[in-house]
Amino acid sequence: YFFNKPMITALYQLQQEAPRPKRIICPHEVENRPKYYGREFHGIISREQADELLGGVEGAYILRESQRQPGCYTLALRFGNQTLNYRLFYDGKHFVGEKRFESIHDLVTDGLITLYIETKASEYISKMTTNPIYEHIGYATLLREKVSRRLSRSKTASRKASVTTCEENAPVEKLFFLLNIALQKTENSSNYLNKSLYLEITNL
Numbered sequence: 001y002f003f004n005k006p007m008i009t010a011l012y013q014l015q016q017e018a019p020r021p022k023r024i025i026c027p028h029e030v031e032n033r034p035k036y037y038g039r040e041f042h043g044i045i046s047r048e049q050a051d052e053l054l055g056g057v058e059g060a061y062i063l064r065e066s067q068r069q070p071g072c073y074t075l076a077l078r079f080g081n082q083t084l085n086y087r088l089f090y091d092g093k094h095f096v097g098e099k100r101f102e103s104i105h106d107l108v109t110d111g112l113i114t115l116y117i118e119t120k121a122s123e124y125i126s127k128m129t130t131n132p133i134y135e136h137i138g139y140a141t142l143l144r145e146k147v148s149r150r151l152s153r154s155k156t157a158s159r160k161a162s163v164t165t166c167e168e169n170a171p172v173e174k175l176f177f178l179l180n181i182a183l184q185k186t187e188n189s190s191n192y193l194n195k196s197l198y199l200e201i202t203n204l
């Protein structure tokens with residue numbers, strides 16, 4: 001890998017600093033709870049009720065059934081002093097995007113790390129790529145080119161793999177992807193719209 005040791009260390013440090021999942025358990029038994037959800041499922045409740053249950057705690061999460069669309073399930077997750085809502089799916093594994101997880105806990109853990117690194121990594125990259133020494137030797141440009149090439153190879157390899165047998169990416173591969181996002185944020189800071197790997201929903 002082309003990253004120097006301090007950079008890898010810093011990115012892994014960000015990963016370790018990410019909020020930990022804290023499931024909020026429903027105090028009573030919920031009727032018609034899907035068998036693949038646990039006690040973090042609170043049944044049919046509103047977004048406002050979910051927000052109250054989370055209590056403003058970073059990393060706290062619950063599952064709920066949508067009031068507006070019965071039969072649709074939502075993950076309500078607390079991050080960045082706000083409640084994020086994601087449409088949940090299950091096909092033998094849990095997912096909100098392309099990546100599948102064996103458990104809700106694993107899904108939330110991965111999501112929190114992703115969100116945290118996206119939020120914080122740009123600060124680190126910005127400092128690094130604006131360093132006069134790096135600029136003088138063209139390091140920032142070289143870094144972007146190498147990240148792009150590596151992502152291109154990763155995408156080619158991923159297309160050959162079956163979606164149903166999708167495995168978790170190696171930590172370093174994940175950091176390569178998130179680093180590219182951070183670089184894009186740095187380059188487009190004036191008009192960047194924050195987008196996470198998870199697609200937040202607003203109508204459930």
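Residue 70 in the numbering used here sits at position 70 of the sequence shown, with consecutive numbering throughout. The beta-carbon is built from N, C-alpha and C at its ideal position, and this holds for glycine as well.
Chain-order list of residues whose beta-carbon lies under 6 Å from that of residue 26 (same chain, five-residue window excluded)
39, 42
Figure out for me which residue from 45, 47, 74 has the closest Cα to the Cα of residue 89. 74
- Mapping DSSP to helix, strand and coil, what is residue 136? Since pLDDT at residue 136 reaches only 40, below the 50 mark, its modelled position is unreliable, and the value read off the structure follows with that caveat. In this structure, residue 136 counts as helix in the three-state DSSP scheme.
(message) Quick check on residue 97: does DSSP put it in helix, strand or coil?
(response) coil
Could you tell me which residues DSSP pairs with residue 35 in its beta bridges? The partner list for residue 35 (beta bridge, DSSP) is empty, contrary to what the question assumes.
Would you check if the distance between the CB atom of residue 232 and the CB atom of residue 59 is smaller than 8 Å? Nothing about residue 232 can be read from this structure; the chain reaches only from 1 to 204.
Requested in this report: Go through its chain and collect everything with a Cβ distance to residue 57's Cβ below 7 Å, but skip five positions before and after it.
Outcome: 22, 78
*Exposed or buried, residue 111, counting other C-beta atoms within 10 Å across all chains shown (16 or more means buried)?*
buried
Status (buried if at least 16 other CB within 10 Å, exposed otherwise) for residue 36: exposed
Item to check | Straight-line Cα distance separating residue 119 from residue 10 | outcome: 14 Å
Note to self: For a quick check, are the C-beta atoms of residue 53 and residue 44 less than 8 Å apart?
What the structure shows: no
What residue range is occupied by the uninterrupted beta strand (DSSP E) comprising residue 82? 82–90
Is the beta carbon of residue 47 less than 8 Å from the beta carbon of residue 85?
yes
| message | Could you tell me the alpha carbon to alpha carbon distance between residue 13 and residue 66, rounded to whole angstroms? | response | 36 Å
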